[in-house]
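In this note's numbering, the protein residues as written are 6 to 115.
A short worksheet on the structure shown next.
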């Protein structure tokens with residue numbers, strides 16, 4: 006996940022499929038302590054954002070680093086012909102980090 010719009014927020018997302026669910030772990034750095042960040046999976050790309058397809062657990066920053074873990078229905082990501090990405094927004098709703106989900110592999114997303 007790379008910073009967007011001059012933000013200092015970056016991180017990693019790890020997607021792991023296990024049968025009827027997919028576990029999504031989002032780890033962020035460069036956070037403002039005491040703030041809450043909202044990661045979501047969207048259709049489209051980081052530059053052409055589509056609709057929200059999965060809301061992920063918020064990342065609550067007690068320091069400059071924090072993480073959250075969510076479980077989603079794997080059918081959300083089944084349509085890999087379409088582009089998907091994870092966008093992270095701050096408390097004002099401004100996108101501060103984004104990373105596109107690779108079509109070939111959905112385990113480690115930079």
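All residues carry an ideal CB built from backbone N, CA and C; glycine is no exception.
From a predicted model like this one, the values you see are computed outputs, not experimental measurements.
Just to confirm before moving on: does the CB-CB distance between residue i and residue j stay below 8 angstroms?
i: residue 63; j: residue 99; result: no
i: residue 47; j: residue 57; result: yes
i: residue 59; j: residue 81; result: yes
i: residue 93; j: residue 52; result: no
i: residue 20; j: residue 45; result: no
i: residue 17; j: residue 50; result: no
I'd like to confirm the pairing. Which residues does DSSP put opposite residue i in its beta bridges?
i: residue 32; result: 17 and 72
i: residue 22; result: 27
i: residue 67; result: Note: residue 67 sits in no beta bridge, so no partner.
i: residue 62; result: Paired residue(s): none; residue 62 is not in a bridge.
i: residue 44; result: 93
Since I believe residue j is in contact with residue i (beta carbons under 8 angstroms), could you give me their beta-carbon distance rounded to a whole number of angstroms?
i: residue 70; j: residue 90; result: Between residue 90 and residue 70 the Cβ distance is about 22 angstroms, and since that is not below 8 angstroms, they are no contact.
i: residue 103; j: residue 36; result: Not a contact, Cβ separation roughly 15 angstroms.
i: residue 3; j: residue 95; result: In the structure as shown, the chain starts at 6 and stops at 115, and residue 3 therefore has no counterpart that could be examined.
i: residue 101; j: residue 9; result: 6 angstroms
i: residue 68; j: residue 38; result: 5 angstroms
Could you give the first and the last residue of the continuous beta strand (DSSP E) run that contains residue i?
i: residue 96; result: Note, residue 96: premise wrong, no beta strand (DSSP E); not H, not E.
i: residue 52; result: Looking at the DSSP string, residue 52 is not in any beta strand (DSSP E), and its letter there is neither H nor E.
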